[in-house]
Amino acid sequence: MQAETSPKINLVYDSQDIARGIDALAQGLLERHPAPNGLGLVGVHTGGDRLVRRVEQAMARRLGRPDLGLTKGLVDISFYRDDWSRLRQVPKLRATVIPWDVECREIVLVDDVIFTGRTVRSALEAIFSLGRPARVELAVLVDRGHRELPLQPDLVGLTLPTQRSESINVYLFDDPARDHALLEPGKYQE
2 MQAETSPKIN LVYDSQDIAR GIDALAQGLL ERHPAPNGLG LVGVHTGGDR LVRRVEQAMA
62 RRLGRPDLGL TKGLVDISFY RDDWSRLRQV PKLRATVIPW DVECREIVLV DDVIFTGRTV
122 RSALEAIFSL GRPARVELAV LVDRGHRELP LQPDLVGLTL PTQRSESINV YLFDDPARDH
182 ALLEPGKYQE
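In the working numbering, the protein residues as written are 2 to 191.
Printed below as a string of C-alpha cells:
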C-alpha cells in the first residue's frame with residue numbers, strides 16, 4: 002500500500018513580513034496623500050476589514066497620531082462574480098457596508114492578495130453601483146501575478162511569484178504577532 006502524500010503547505014510570510022508589507026502600503030498611501038483626511042478605505046470581504054484597519058493604524062503611526070478617523074467600508078463581491086457556474090458551493094453573502102456617499106470621493110480599495118484581477122473587477126463594479134467616485138486606487142498586501150484582466154495595483158506591500166496552481170492565503174488575527182501567509186495547493190490547474 003502506498004502512503005498518501007499530503008499537499009505541501011509553506012509559510013511564505015511571518016508576522017514581521019506582514020507588518021513590513023502593511024507599513025509599505027501605509028507609506029505609499031501617505032506619499033500619494035500627505036493629508037489623507039478625505040480618503041475612504043474600502044476593504045474586500047473577508048480579510049479586508051482587518052487589513053483596512055491595520056493600514057489605517059500604520060498610517061496614523063507614521064504621522065505620529067493615535068488615529069486618523071478615516072472613513073472605512075467593506076464591499077461584498079458575491080453578486081458581481083463572473084464565475085458562479087464554476088463554484089463548487091454558493092459563496093456566503095455578506096453585506097456591503099460603505100456608510101458614506103462614494104460620489105466624487107477618493108477611495109482606496111484594499112485587498113490582501115491580487116491574482117487574476119477578477120476580485121478587483123467585481124469590487125469595482127460593487128463600488129460603482131453605489132455612485133461615481135472621483136478616483137479609485139488599489140492597494141494590495143500581496144501581488145502573486147497571473148493577471149487575466151488588465152488591472153494592476155497602485156500600491157503593493159509584498160510580491161511573491163507563484164505557480165498558477167498554487168494559492169496564497171493571508172491570515173490576520175487580533176494579535177498581529179500571529180499574522181502569517183501560507184502558500185498552499187490552489188483550486189486552479191495549470
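Ideal placement from N, C-alpha and C gives every residue a C-beta, glycine not left out.
query                                                                                                                                                                            : result
Please classify R136: is it buried, with 16 or more other beta-carbons within 10 angstroms of its beta-carbon, or exposed?                                                       : exposed
Look up P186 in the DSSP assignment and say whether it is helix, strand or coil.                                                                                                 : strand
At the level of alpha carbons, what is the spacing between P35 and G65?                                                                                                          : 13 Å
For V98 and V76, what's the separation of their Cα atoms in angstroms?                                                                                                           : 6 Å
Tell me which residues share the same chain as N11 and place their Cβ nearer than 6 Å to its Cβ, disregarding the 5 neighbours each side in the sequence.                        : L184
Kindly list the residues whose CB is nearer than 6 Å to the CB of I19, restricted to its own chain and excluding five residues on each side of it in sequence; keep chain order. : D180
Spatial neighbours of A59 within its chain, please: CB distance less than 6 Å, with the 5 preceding and 5 following residues excluded, ordered by chain position.                : I23, D24 and A27
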